[in-house]
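K.L.:
2 protein chains.
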Amino acid sequence: MTNPTAAMLVIGDEILSGRTRDSNSHHLAGRLTEHGIDLREVRFIGDDAATITATTRELSAKYGHVFTSGGIGPTHDDITADCIAAAFDTPIDVRDDARAILAAHYDARGVEMNDARLRMARIPDGATLIDNPVSAAPGFSLQNVHVMAGVPKIFEAMLESLLPTLTGGARLQSRSLMVDRGEGDIAEGLSQVVAAHPGVSVGSYPAWGGAGYKVSIVLRAADESALEAAMAQLRALFPEGRE
Amino acid sequence: MTNPTAAMLVIGDEILSGRTRDSNSHHLAGRLTEHGIDLREVRFIGDDAATITATTRELSAKYGHVFTSGGIGPTHDDITADCIAAAFDTPIDVRDDARAILAAHYDARGVEMNDARLRMARIPDGATLIDNPVSAAPGFSLQNVHVMAGVPKIFEAMLESLLPTLTGGARLQSRSLMVDRGEGDIAEGLSQVVAAHPGVSVGSYPAWGGAGYKVSIVLRAADESALEAAMAQLRALFPEGRE
Numbered sequence: 008m009t010n011p012t013a014a015m016l017v018i019g020d021e022i023l024s025g026r027t028r029d030s031n032s033h034h035l036a037g038r039l040t041e042h043g044i045d046l047r048e049v050r051f052i053g054d055d056a057a058t059i060t061a062t063t064r065e066l067s068a069k070y071g072h073v074f075t076s077g078g079i080g081p082t083h084d085d086i087t088a089d090c091i092a093a094a095f096d097t098p099i100d101v102r103d104d105a106r107a108i109l110a111a112h113y114d115a116r117g118v119e120m121n122d123a124r125l126r127m128a129r130i131p132d133g134a135t136l137i138d139n140p141v142s143a144a145p146g147f148s149l150q151n152v153h154v155m156a157g158v159p160k161i162f163e164a165m166l167e168s169l170l171p172t173l174t175g176g177a178r179l180q181s182r183s184l185m186v187d188r189g190e191g192d193i194a195e196g197l198s199q200v201v202a203a204h205p206g207v208s209v210g211s212y213p214a215w216g217g218a219g220y221k222v223s224i225v226l227r228a229a230d231e232s233a234l235e236a237a238m239a240q241l242r243a244l245f246p247e248g249r250e
Numbered sequence: 008m009t010n011p012t013a014a015m016l017v018i019g020d021e022i023l024s025g026r027t028r029d030s031n032s033h034h035l036a037g038r039l040t041e042h043g044i045d046l047r048e049v050r051f052i053g054d055d056a057a058t059i060t061a062t063t064r065e066l067s068a069k070y071g072h073v074f075t076s077g078g079i080g081p082t083h084d085d086i087t088a089d090c091i092a093a094a095f096d097t098p099i100d101v102r103d104d105a106r107a108i109l110a111a112h113y114d115a116r117g118v119e120m121n122d123a124r125l126r127m128a129r130i131p132d133g134a135t136l137i138d139n140p141v142s143a144a145p146g147f148s149l150q151n152v153h154v155m156a157g158v159p160k161i162f163e164a165m166l167e168s169l170l171p172t173l174t175g176g177a178r179l180q181s182r183s184l185m186v187d188r189g190e191g192d193i194a195e196g197l198s199q200v201v202a203a204h205p206g207v208s209v210g211s212y213p214a215w216g217g218a219g220y221k222v223s224i225v226l227r228a229a230d231e232s233a234l235e236a237a238m239a240q241l242r243a244l245f246p247e248g249r250e
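Next up, the structure:
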């Protein structure tokens with residue numbers, strides 16, 4: 008069985024200008040790996056309706072799931088919900104179920120439900136709401152596209168509402184070895200491991216360790232015994248490595 | 008005059024698995040904004056040759072510049088240089104100028120130049136080298152694609168070598184106002200500013216402020232007087248805001 012595939016779409020001019028640093032893609036990557044869904048691609052795009060609509064169509068056709076963040080608040084630059092509806096030629100308007108959620112939230116706090124807040128109840132026909140335990144305004148799933156907020160605290164909460172509803176696959180097992188050498192010193196040994204263990208993925212991740220380079224070697228495989236065999240060869244090649 | 012456009016391609020399975028958090032895209036976004044180059048899109052993709060080659064072709068045709076990070080080291084999973092050469096149907100092999108740079112670096116340190124390290128001298132025909140003051144192994148520019156390392160310290164150093172060679176455009180001026188209110192409270196006022204100042208871009212960036220929501224309103228324009236007029240209206244709407 009192969010795992011479901013996914014892409015993420017990070018929406019917002021503020022990310023591309025460098026004003027805001029996206030953290031949602033890294034969070035999603037880790038959670039999907041734990042859930043057995045393979046994240047294949049991430050795209051950051053700006054607040055442009057034609058781009059959001061076209062990119063949604065492209066990624067939805069190509070991957071099992073598309074996760075979006077950003078652009079579902081109450082202000083003029085929050086256009087994601089309408090763009091997702093357009094991508095699937097689906098009507099969108101204020102929906103009673105979403106309005107009821109917002110009304111209950113604002114009533115309890117003595118906050119006025121104005122036209123701007125009501126925009127957050129615009130949900131495409133046929134979409135399933137994603138619960139927002141932080142600030143009530145829901146996300147939604149339309150076909151295979153899951154639309155969530157950009158504020159990390161809310162994105163992360165919405166993702167936890169959504170993930171249990173998605174079927175995951177097998178999680179790859181991994182082992183790692185940290186070696187205080189440059190990649191140029193270990194490349195030949197790694198190639199031997201790659202050749203001897205075709206079912207094991209071998210990654211090499213260099214970093215600057217202050218006094219010099221170090222490299223983290225990561226082995227991944229679904230099959231535990233294949234993984235252990237590759238790890239044994241790796242330990243023999245680099246006995247000074249730290250697991 | 009419109010500014011040059013750009014896209015970034017972040018290459019590496021470790022980013023998509025959540026093992027490593029990319030920092031190069033945020034760094035590039037800030038530096039390009041300062042340089043007057045408009046970053047329009049960022050993509051994270053894995054270590055797959057067909058994907059790297061096809062994505063490079065697509066982005067190179069669509070944007071003025073493409074900046075890549077990752078996959079130019081000495082190990083088996085470093086395939087970026089060959090993929091970029093393939094994207095432009097350009098021959099690639101160990102090039103004398105790159106080999107001389109590496110040889111000088113390793114000779115000075117008493118480090119052996121092995122086959123793995125020599126791979127880092129594989130440069131496409133006609134490419135211009137990008138200086139790497141950290142660890143010598145160069146990046147390169149082929150047509151409008153600028154190929155740099157994934158290790159942030161090296162990526163950032165290569166970018167500083169490259170940027171002065173690229174023609175920038177006008178830098179947008181910006182003003183910001185921080186308001187301790189939810190976006191739902193300020194959305195109507197913001198729409199008035201948007202309507203009254205068509206030459207000014209108005210962004211609204213919510214954040215969780217501990218005690219409640221706050222929002223940063225950012226105005227951007229090339230024209231200083233248009234910017235000040237919009238800012239005056241914004242101050243009148245939200246006199247409690249902090250600049």
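Protein sequences, first through last, are from chains F and C.
All residue numbers for the first sequence refer to our numbering, where the first residue is 8 and numbers rise by one.
All residue numbers for the second sequence refer to our numbering, where the first residue is 8 and numbers rise by one.
Quick reminder that beta carbons are idealized off the backbone N, C-alpha and C, glycines included.
Please read these numbers as outputs of a predicted model, since none were measured by experiment.
1) From the DSSP secondary-structure annotation, give me the bridge partner or partners of Ala13/F.
2) Are the C-beta atoms of Arg28/F and some chain C residue less than 7 Å apart?
3) Compare the Cα-Cα distances from Ala13/C to each of Asp89/F, Phe51/F, Tyr113/F and Leu149/F and report the closest residue.
4) For Thr82/C, return the contacting residues in chain F, with the cut-off set at a CB-CB distance below 7 Å.
5) In angstroms, rounded to a whole number, what distance separates the CA positions of Arg28/F and Asp114/F?
6) Output the distance between the C-alpha atoms of Thr213/C and Val158/F, rounded to the nearest integer angstrom.
7) Within 10 angstroms of the Cβ of Ser211/F, are there 16 or more other Cβ atoms? Answer buried if so, exposed if not.
8) For Leu46/C, collect the residues of the same chain with a Cβ closer than 6 Å to its Cβ; drop the 5 residues on either side in sequence, then sort them by chain order.
9) Can you tell me whether DSSP reads Ile86/C as helix, strand or coil?
10) When we look at the beta-carbon of Thr172/C and count the other beta-carbons within 10 Å, is it buried (16 or more) or exposed?
11) Along chain F, in chain order, which residues have C-beta atoms closer than 8 Å to that of Arg47/C?
12) What ranges does the beta strand (DSSP E) occupy inside the segment 172-224 of chain F, keeping only unbroken runs of at least 3 residues that lie completely in it?
13) So, at 6 Å on beta carbons, what are the nonlocal neighbours of Met165/C in its own chain, with the 5 sequence-adjacent residues on each side left out?
14) Could you tell me which of Ile79/F, Val186/F, His204/F and Gln240/F sits nearest to Ala229/F, measuring between CA atoms?
15) So with Cβ pairs under 7 Å, would you call Ala229/F a contact of chain C?
16) Using 7 Å as the limit for Cβ to Cβ distance, is His33/F near chain C?
17) Could you tell me which chain C residues have their CB closer than 7 Å to the CB of Gly37/F, listed as they occur along the chain?
18) Could you name the residues of the same chain whose beta carbon sits closer than 6 Å to that of Glu48/C, not counting the 5 residues immediately before and after it, in chain order?
19) In chain F, which residues lie with their C-beta within 7 Å of the C-beta of Asp20/C?
20) Since Gly248/F contacts Val186/F with CB under 8 Å, what's their CB separation in whole angstroms?
21) How about Leu169/C and Val200/C: are their beta carbons less than 7 Å apart?
22) Does the Cβ-Cβ distance between Val207/C and Ala237/C come in under 7 Å?
23) Find the nearest neighbour of Ala56/C within the set Asn151/C, Lys160/C, Arg124/C and Gly19/C, judged by alpha-carbon distance.
24) Assign Ile161/C to one of three DSSP states: helix, strand, or coil.
25) Taking contact to mean at least 3 C-beta pairs separated by less than 8 Å, is the segment 73-83 of chain C in contact with the segment 97-117 of chain C?
26) For Lys160/F, decide whether its Cβ has a neighbour in chain C, counting only Cβ atoms nearer than 7 Å.
27) Quick one: which chain F residues come within Cβ less than 7 Å of Arg124/C?
28) What is the DSSP secondary structure of Ala229/C, reduced to helix, strand or coil?
29) Using the beta-carbon count (16 or more within 10 Å), is Pro98/F buried or exposed?
30) For the alpha helix (DSSP H) containing Ile22/C, list its first residue and its last residue.
31) Hey, is Thr60/C's beta-carbon within less than 7 Å of any beta-carbon in chain F?
32) Counting pairs of beta carbons, one from the segment 83-94 of chain C and one from the segment 85-94 of chain F, are three or more of them closer than 8 Å?
33) If distances are taken between C-alpha atoms only, which option among Ile44/C, His33/C, Phe95/C and Leu244/C comes closest to Thr62/C?
34) Is Pro131/F buried or exposed, if buried means 16 or more other CB atoms sit within 10 Å of its CB?
35) Over what stretch of residues does the alpha helix (DSSP H) that includes Leu109/F continue unbroken?
36) In or out: Pro81/F buried (at least 16 other Cβ within 10 Å) or exposed?
P.N.:
If we stick to the structure as given:
1) Bridge partners of Ala13/F: Leu46/F and His72/F.
2) Yes, Arg28/F lies at the interface with chain C (some Cβ there is under 7 Å from its Cβ).
3) For Ala13/C, the closest of Asp89/F, Phe51/F, Tyr113/F and Leu149/F by C-alpha to C-alpha distance is Phe51/F.
4) Ordered by position in chain F, the residues that pass the 7 Å Cβ test against Thr82/C are Glu190, Ala194, Leu197 and Ser211.
5) If you take the alpha carbons of Arg28/F and Asp114/F, they lie about 34 Å apart.
6) Note that residue 213/C is Pro in the sequence shown here, rather than Thr. Looking at the two C-alpha atoms, the distance is approximately 7 Å.
7) Ser211/F is buried by the Cβ-count criterion.
8) The beta carbon of Leu46/C is closer than 6 Å to those of Ala13, Ala36 and Leu39 in its chain, skipping five residues each way along the sequence.
9) Residue state, collapsed to three classes: coil.
10) When all chains shown are included, Thr172/C counts as exposed.
11) In chain order: Leu23, Ile52 and Gly53.
12) With a minimum length of 3 residues, the continuous beta strand (DSSP E) runs that stay inside the segment 172-224 of chain F are 180-186 and 208-215.
13) Here the set comprises Ile137, Asn139, Gly146 and Met155.
14) Considering only alpha carbons, the answer is His204/F.
15) For Ala229/F, the closest Cβ of chain C is not nearer than 7 Å.
16) Yes, because at least one Cβ of chain C sits closer than 7 Å to the Cβ of His33/F.
17) Listed along the chain, the chain C residues whose CB falls inside 7 Å of the CB of Gly37/F are Gly25.
18) Excluding sequence neighbours, Glu48/C sits near Ala14.
19) Close partners of Asp20/C in chain F (Cβ separation under 7 Å): Gly210.
20) About 5 Å; that satisfies the 8 Å criterion.
21) Going by C-beta atoms, Leu169/C is not nearer than 7 Å to Val200/C.
22) Closer than 7 Å, so yes.
23) For Ala56/C, the closest of Asn151/C, Lys160/C, Arg124/C and Gly19/C by C-alpha to C-alpha distance is Gly19/C.
24) In the three-state reduction of the DSSP assignment, Ile161/C falls in the helix class.
25) Three or more Cβ pairs closer than 8 Å define a contact, and the segment 73-83 of chain C falls short of that threshold against the segment 97-117 of chain C.
26) With 7 Å as the cut-off, Lys160/F counts as an interface residue toward chain C.
27) In chain order: Gly191.
28) Coil.
29) Under a 10 Å Cβ-count criterion, Pro98/F is classified as exposed, with fewer than 16 other Cβ atoms of the shown protein chains found around its own Cβ.
30) Here the alpha helix (DSSP H) through Ile22/C covers Asp20 to Leu23.
31) It does not; no Cβ of chain F falls within 7 Å.
32) Segments in contact, no.
33) Distances from the CA of Thr62/C to each of Ile44/C, His33/C, Phe95/C and Leu244/C were compared; the closest alpha carbon is that of Phe95/C.
34) So Pro131/F counts as buried.
35) Run containing Leu109/F: Asp103 to Arg116, per the alpha helix (DSSP H) assignment.
36) With 16 or more other Cβ atoms within 10 Å, it is buried.
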